[in-house]
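Trainee: Can you keep this structure in mind? I'll have questions shortly.
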Amino acid sequence: MEPMVRAGKYWSRRLLMTAAMLVVVISGAMAFQMPWRDYPGQDNIELPPDFQEKTEWQFARLMYPPFQGVIDGRGPRGGGGRFGGFGGYGGNWATGRSSWTTDYDAADRHVSRALRRLTRVHVRSVEQPVNLDDGDDVFNYPWLYAVEVGHWQLTDSQVKQMREFFDRGGFFMCDDFHGSQEWAVFIAGMQRVFPDRPIVDLPNDDSIFHVLYDLSDRYQVPGAQYLRSGRTYEKDGYDPHWRGIYDGKGRLMVAICNDMDLGDAWEYADEPRYDEKFSALAFRIVANYVVYSMTH
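The sequence shown begins at 18 in this note's numbering and counts up one residue at a time.
As structure tokens, then:
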């Protein structure tokens, strides 16, 4: 047999073996994921027929306990006393209908549908709620999203797990919290995760704003209250803030969308009264953030 033929067959076998090993690794990782689960939330829209499809990416929504404390003598709504978070309802946050379920699950599924159209990422059609108390499950999701983080209060064990999530290369996007009081609640939690890393304003030339779409022209994306009030801001959060936390090598680990409501823009994308320009920007932002998280 000619040397080139033998070499060709050798490398063909190596490629087949490598491909087989990758399939085993990916299948193994999927095997350790928590099964898909659904919780009572805000929308509970129709379940897509392909919701059990195995994919390379899915919308991972962080579950968390609602804030129960007081900041500067006030709860995050600005009033006195303690606040149990949206949907506290006197119930258990781990069973749904809590602040983490805001815009759930319409926003998540609209994002998944948009990413299937706007990117080449193989996206699952349904979201995955992720509980930091579920052992190593969070490490199966490279991109994690949380809403209403002006109403969260992570436990000590959850703080530790979230820090390890970042140390392993995870990316976290948070959204839909407004004004100085909710910022204070968010900071109290985030600084427990990263006491050694500052929160900074993202420069306009950061690659996260240009990795897929050019997002140089950004503006405040309002929540559904805009349909009633005509205001793009809530509380004293008059201007949008694009902030984040970098690791030691300059990679963005935490993308903070403060004083804006991308979740509502995703959720109300099909609402004729909600301006298309807001949903259009919101979908481009999340597409950039997802692609960045998978390429940096």
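All C-beta atoms, glycine included, are put in the ideal place defined by N, C-alpha and C.
Fair warning: this is a prediction, and the values are worked out from it, not measured in the lab.
Nearest to Y263 by CA position, among D218, L171, E73 and S116, is which residue?
Mentor: Nearest option by C-alpha distance: D218.
Trainee: Below 9 angstroms between beta carbons: does that hold for N305 and Y230?
Mentor: Closer than 9 angstroms, so yes.
Trainee: Taking the alpha carbon of K71 as the point to measure from, which residue in I62, P52 and G196 has its own alpha carbon closest?
Mentor: Nearest of I62, P52 and G196 to K71, Cα basis: P52.
Trainee: Beta-carbon within less than 6 angstroms of H195's beta-carbon, same chain only, minus the 5 sequence neighbours each way: which residues are those?
Mentor: Correct list, in chain order: E251, K252, G254 and D276.
Trainee: Starting from the C-beta of V147, find all residues in its chain whose C-beta is less than 7 angstroms away, skip the five residues before and the five after it, and write them out in chain order.
Mentor: Contacts found: A77, R78, L79, M80, D154, V155, Y158 and L161.
Trainee: Suppose you measure from the CA of Y285 to the CA of Q175; what does that come to, to the nearest Å?
Mentor: Going from the Cα of Y285 to the Cα of Q175 covers about 31 angstroms.
Trainee: State the DSSP-derived secondary structure class of G280, mapped to helix, strand or coil.
Mentor: In this structure, G280 counts as helix in the three-state DSSP scheme.
Trainee: By alpha-carbon positions, which one of P66, Q85 and P65 ends up nearest to E199?
Mentor: Nearest option by C-alpha distance: Q85.
Trainee: Got a sec, what are the start and stop residues for the alpha helix (DSSP H) L135 sits in?
Mentor: Taken as a continuous stretch (DSSP letters only), the alpha helix (DSSP H) holding L135 covers A123 to L135.
Trainee: Between the Cα of T112 and the Cα atoms of R248, R126, R134 and G58, which residue gives the shortest distance?
Mentor: Here the closest residue by C-alpha is G58.
Trainee: Alpha carbon to alpha carbon, what distance is there between D192 and D55?
Mentor: Rounded to the nearest angstrom, the two C-alpha atoms are 21 angstroms apart.
Trainee: Quick check on DSSP: helix, strand or coil for W74?
Mentor: Here W74 sits in strand by DSSP.
Trainee: Nearest to I216 by CA position, among D234, L171 and I204, is which residue?
Mentor: Taking only the C-alpha atoms, the option nearest I216 is I204.
Trainee: Beta-carbon separation of F295 and V128 under 9 angstroms?
Mentor: Their beta carbons are not under 9 angstroms apart, which means F295 does not touch V128 by this criterion.
Trainee: For H227, which beta-bridge partners are listed by DSSP?
Mentor: Answer by DSSP bridge pairing: none, since H227 is not bridged.
Trainee: Which whole-angstrom value is the C-beta distance of D281 and D120, which I expect to be below 8 angstroms?
Mentor: Contact holds; Cβ gap of about 6 angstroms.
Trainee: For L314, count neighbouring C-beta atoms within 10 Å of its own C-beta (all shown protein chains included) and say buried if the count is 16 or more, exposed if not.
Mentor: Past the boundaries of the shown model lies residue 314; the chain is included only from 18 to 313, so the question cannot be answered.
Trainee: What do you reckon, are the CB atoms on V143 and V307 nearer than 9 angstroms?
Mentor: Their beta carbons are not under 9 angstroms apart, which means V143 does not touch V307 by this criterion.
Trainee: Would you check if the distance between the CB atom of M179 and the CB atom of C274 is smaller than 9 angstroms?
Mentor: No, Cβ-Cβ distance for M179 and C274 is not below 9 angstroms.
Trainee: Can you give, in chain order, each stretch of the alpha helix (DSSP H) that sits fully within the segment 235-260 and has at least 4 residues?
Mentor: The segment 235-260 contains these whole alpha helix (DSSP H) runs: 243-246.
Trainee: Please report the distance separating the alpha-carbon of N61 from that of W117.
Mentor: Those two C-alpha atoms are separated by around 14 angstroms.
Trainee: Count the other C-beta atoms from every protein chain shown that fall within 10 angstroms of the C-beta of L64, then say buried if there are 16 or more, exposed otherwise.
Mentor: Answer is exposed; the Cβ neighbour count stays below 16.
Trainee: Taking C-beta to C-beta, are G187 and M270 nearer than 9 angstroms?
Mentor: For G187 and M270, yes; Cβs fall inside 9 angstroms.
Trainee: Note down, in chain order, each residue of its chain lying with its Cβ closer than 7 angstroms to the Cβ of A241, except the 5 sequence neighbours on either side.
Mentor: Once the five neighbours on either side are set aside, the close Cβ partners of A241 are D281 and Y285.
Trainee: Buried or exposed for R134, please, with buried defined as at least 16 other CB atoms from any protein chain shown within 10 angstroms of its CB.
Mentor: The residue is exposed, with fewer than 16 neighbouring Cβ atoms inside 10 Å.
Trainee: Between the Cα of G167 and those of P83, W74 and K177, spot the shortest distance and give me the residue it belongs to.
Mentor: The residue with the shortest Cα to Cα distance from G167 is P83.
Trainee: Considering Cα atoms alone, identify which of T172, S233, A163 and K266 is closest to A272.
Mentor: Nearest C-alpha to A272: A163.
Trainee: Enumerate in chain order the residues of its own chain whose CB-to-CB distance from E293 is below 6 angstroms, with the five nearest sequence positions on each side excluded.
Mentor: Correct list: empty, nothing qualifies.
Trainee: Which runs of the beta strand (DSSP E), 3 residues or longer, sit entirely within the segment 176-214?
Mentor: Runs of the beta strand (DSSP E) inside the segment 176-214: 188-192.
Trainee: Throw me the rounded Cβ distance for the P239 and D287 pair, which I believe falls under 8 angstroms.
Mentor: Their Cβ separation, rounded to whole angstroms, is 17 angstroms, which puts P239 and D287 out of contact at 8 angstroms.
Trainee: Alpha carbon to alpha carbon, what distance is there between L232 and N221?
Mentor: Distance between the alpha carbons of N221 and L232 is about 8 angstroms.
Trainee: When burial is assigned at 16 or more other CB atoms within 10 Å of the CB, is R141 buried or exposed?
Mentor: Looking at its Cβ environment, which holds 16 or more other Cβ atoms inside 10 Å, R141 is buried.
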